[in-house]
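Protein chains in written order, with UniProt numbering: chain A, 1 to 161; chain B, 1 to 126.
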Amino acid sequence: MIEQALVSVENLAFVSALRNSTYMYPLVNAGHILGVALLVGGIVPLDLRLLGLWRKYPVMVFVDVLRITAAIGLALAVVCGALLFATAAADYARSSLFQAKIALVVLGVSNASILARMLKRQDIRSLPMEAPMPPAFRAGAVLSLVVWISVLILGRLLGYF
Amino acid sequence: MPQLRFTYLVCFAVLAAFLAASAAQAHHGWAWATDEEFEITGVIQSVRLGNPHGEVTIRADGENWVVEVGQPWRNDRVGLTREMLSQGREITVHGHRSAREGERLVKAERVVIDGQDYDLYPGRKS
Chain A
1 MIEQALVSVE NLAFVSALRN STYMYPLVNA GHILGVALLV GGIVPLDLRL
51 LGLWRKYPVM VFVDVLRITA AIGLALAVVC GALLFATAAA DYARSSLFQA
101 KIALVVLGVS NASILARMLK RQDIRSLPME APMPPAFRAG AVLSLVVWIS
151 VLILGRLLGY F
Chain B
1 MPQLRFTYLV CFAVLAAFLA ASAAQAHHGW AWATDEEFEI TGVIQSVRLG
51 NPHGEVTIRA DGENWVVEVG QPWRNDRVGL TREMLSQGRE ITVHGHRSAR
101 EGERLVKAER VVIDGQDYDL YPGRKS
C-alpha cells in the first residue's frame, strides 16, 4: 500500500515533468545543495563557538545570526529534497542509506530545537564572555556536528549506491 | 583547550572527505567503469527513464543487465524515444561495464535498435 502511494507520487504530473525536465531537475538539485551549504555552513561555526572556539566574540552573535541562515538552509533543503525524492519515491524509500539519512535529519532537528529551548531558558547573555558553555550545550554541539555532517555524507552516498 | 578540540575536528573532516572521495569513484561519470569497450545484446525487460539518467534492464543469455542510458535531453538529442526503449525490444549496447566484480551494469555510449545507431556520446569512441 505504501509502495502504491509512492508510485502514485512519482506519477503526479508535476513530478513526472520534473523527472523528464532538462533544466528544472539540475536547478532543484542546486537548490538542495544551496540549502545544505547554508545549513552546514551555519551549524559548523555555531557549534564550534559553543564548544569554546572564538571566545573573544559573544556567543549570542553566533546564535542570533547563524541559526537563521541555518534554518533557511534547512527549509530550502527539505523543499528541494522532497521534490527530488518524489521523482523516484519508491526507490529512495527502499534505500537504507535514505532511511538512515532521514532518521538523522529528525535527530538533528530535535537536537537543534532542544538546544534552542535551552538557550532561551538559560541566561547565556549574562555569562562572562570567555566562560566555557555549560556541558549540556557542549554535548548538544558535538551531537549537532556529528549528525549534520553525517547527513551530508549519507546524502552524497545516496547518489552512488 | 580549544586548540586540541579543533585538531580533532580537522582530523574528522579529513576522514570524512576521504570517505566521500572513495565513494565518489562509484557511480557518476566514467570512473566507476572499466576502460575496455564492451558490447551486449538483449531484450528489454523494464525501463525507468528520467533524471539523473535512464535505466534500462535487459535480458541477455539468461541474465539481467542494467544499462544506463542518457538523461532526457541526451536521449532526445539522438532521437531515442520512450517507444524505442520499451519492453520486448531488442537492443545492442556499446559502452563500458562496471569495474565492480560481478556487477551487471553498463553505461551506454551508443545503442543500436532495429539496425539504427543512436550515439549518446558522439565525442567518445564506441
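Quick reminder that beta carbons are idealized off the backbone N, C-alpha and C, glycines included.
At least one CB of chain B closer than 8 Å to the CB of residue i: is that the case?
i	result
residue 20 of chain A	yes
residue 25 of chain A	yes
So what's residue i in DSSP terms, helix, strand or just coil?
i	result
residue 101 of chain A	helix
residue 145 of chain A	helix
residue 65 of chain B	strand
residue 71 of chain B	coil
residue 91 of chain A	helix
residue 55 of chain A	coil
residue 79 of chain A	helix
residue 39 of chain B	strand
residue 26 of chain B	Confidence at residue 26 of chain B is low in this model, with a pLDDT of 47, below 50, so its placement is unreliable and the value that follows should be read with caution. Correct three-state label for residue 26 of chain B: coil.
residue 160 of chain A	coil
residue 105 of chain B	strand
residue 78 of chain B	coil
With 8 Å set as the bound, which would you pick, yes or no: does the beta-carbon of residue i sit closer than that to a beta-carbon of chain A?
i	result
residue 65 of chain B	no
residue 16 of chain B	yes
residue 79 of chain B	no
residue 30 of chain B	no
residue 122 of chain B	no
residue 50 of chain B	yes
residue 38 of chain B	no
Give a yes or no on whether the C-beta atoms belonging to residue i and residue j are separated by under 8 Å.
i	j	result
residue 93 of chain A	residue 12 of chain A	no
residue 98 of chain B	residue 31 of chain B	no
residue 75 of chain B	residue 25 of chain A	no
residue 15 of chain A	residue 87 of chain A	yes
residue 47 of chain B	residue 108 of chain B	no
residue 141 of chain A	residue 50 of chain A	yes
residue 79 of chain A	residue 151 of chain A	no
Please look up how many angstroms separate the CB atoms of residue i and residue j, rounded, as I've assumed it's under 8 Å.
i	j	result
residue 77 of chain A	residue 32 of chain A	6 Å
residue 78 of chain B	residue 118 of chain B	5 Å
residue 45 of chain B	residue 87 of chain B	7 Å
*Sufficient close CB pairs (3 or more, under 8 Å) joining the region 38-53 of chain A to the region 61-73 of chain A*: yes
*Would you check if there are 3 or more beta carbon pairs closer than 8 Å linking the region 5-18 of chain B to the region 109-119 of chain A?*
no
*Would you call the region 49-66 of chain A and the region 94-105 of chain A touching, i.e. three or more CB-CB distances under 8 Å?*
Too few Cβ pairs lie closer than 8 Å, so no.
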